[in-house]
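In what follows, a structure is listed as structure tokens, so that the remarks can point back to it.
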Amino acid sequence: MTTATLLAFALTATLLILAPGPDSLLVMRNTLRGGRRAGWATTCGTMSGLGVWAVAAALGLSALLRVSHAGYDALRLVGAGYLIWLGVSSLRPSRRRAAHAGLPQEEEIAAGSRQGGRMYLNGLLCDLCNPKIGVFFVAFLPGFIPVRGSATAFSLALGLWFIVETGVWLAVLSWMVAGGVGWLRSSSAQRWLERATGVVLIGFGLRLAVSAR
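Going left to right, the sequence shown walks through residues 786 to 998 as my numbering numbers them.
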């Protein structure tokens, strides 16, 4: 693989990752609801979901989505429903942080661990239930794989690169949202931003539900 090919892949991947999408919005939503650790847990879940799709693409399994209309549509509707559910839940008040504040230290740590597990699961399911990601890997990675050499190995390497780059961006995004600027630290501003994120997540879910291949 030439240096020019790697640079082209890195640039294309960066542009795709920085484009607003469900993963970025979900990390923002969970960071607003649970703080920086919640955002990072969501990031880990997102990376895990992307890892599953990357391996599936390298082994040729996700290519089945391109020929199985029933399987693709079923997974698409499940993913759309999950995004809509996340969006609707963002419109409801979050009392978890206030509830954790009055707990003893041991119980607060346990509650934080349970919350981290939920946030990780949010990120994981958001990606696993989106068949467009599997089709994306099948359609995107082969354009940068050289003719000579192991296609599976190159596909896994490029997929890992994409996953790591995604993880770095989402972790930085969570850090920025958690730190925030002055106006973002107010509870009212956070609540309005969380509601706006919820509305956009619902929009992504509806678009996924009605979109064609």
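A virtual CB, placed ideally from N, CA and C, is assigned to each residue, including glycine.
In this text the structure is predicted, and so the values were computed from the model without any measurement.
Within this structure, are the beta carbons of residue i and residue j separated by less than 8 Å?
| i | j | result |
| --- | --- | --- |
| Ala839 | Gly944 | yes |
| Gly864 | Asn915 | yes |
| Gly806 | Asn815 | no |
| Leu986 | Leu810 | yes |
| Glu979 | Ser875 | yes |
| Asp912 | Thr827 | no |
| Ile918 | Leu846 | no |
| Phe794 | Leu868 | no |
| Trp960 | Leu803 | no |
| Ser833 | Leu909 | yes |
Rounded to whole angstroms, what's the CA-CA distance from residue i to residue j? Just pull it up for me.
| i | j | result |
| --- | --- | --- |
| Leu844 | Ala855 | 21 Å |
| Ile930 | Thr790 | 9 Å |
| Phe925 | Ser973 | 41 Å |
| Leu993 | Leu792 | 31 Å |
| Gly964 | Leu849 | 42 Å |
| Thr982 | Ala859 | 25 Å |
| Trp808 | Thr787 | In the sequence as displayed, the identity of residue 808 is Asp instead of Trp. Near 31 Å, if we compare the C-alpha coordinates of Thr787 and Asp808. |
| Trp946 | Trp977 | 35 Å |
| Leu941 | Gly872 | 32 Å |
| Arg822 | Val837 | 23 Å |
| Trp870 | Phe939 | 37 Å |
| Arg903 | Gly820 | 13 Å |
| Ile948 | Leu796 | 14 Å |
| Val923 | Thr937 | 12 Å |
| Arg861 | Thr951 | 22 Å |
| Pro927 | Tyr905 | 29 Å |
Buried or exposed: which applies to residue i, given that a residue is buried once 16 or more other Cβ atoms fall within 10 Å of its Cβ?
| i | result |
| --- | --- |
| Val812 | buried |
| Arg899 | exposed |
| Gly901 | buried |
| Val962 | buried |
| Ala999 | The shown model of the chain, from 786 to 998, leaves out residue 999, and the question about it has no answer. |
| Ser996 | exposed |
| Arg742 | Because the chain here runs from 786 to 998, residue 742 falls outside it and cannot be looked at. |
| Val957 | exposed |
| Val984 | exposed |
Please decide whether residue i counts as near chain C, where near means a Cβ-Cβ distance under 8 Å.
| i | result |
| --- | --- |
| Leu876 | The question asks about chain C, but that chain is absent: this structure has only one protein chain. |
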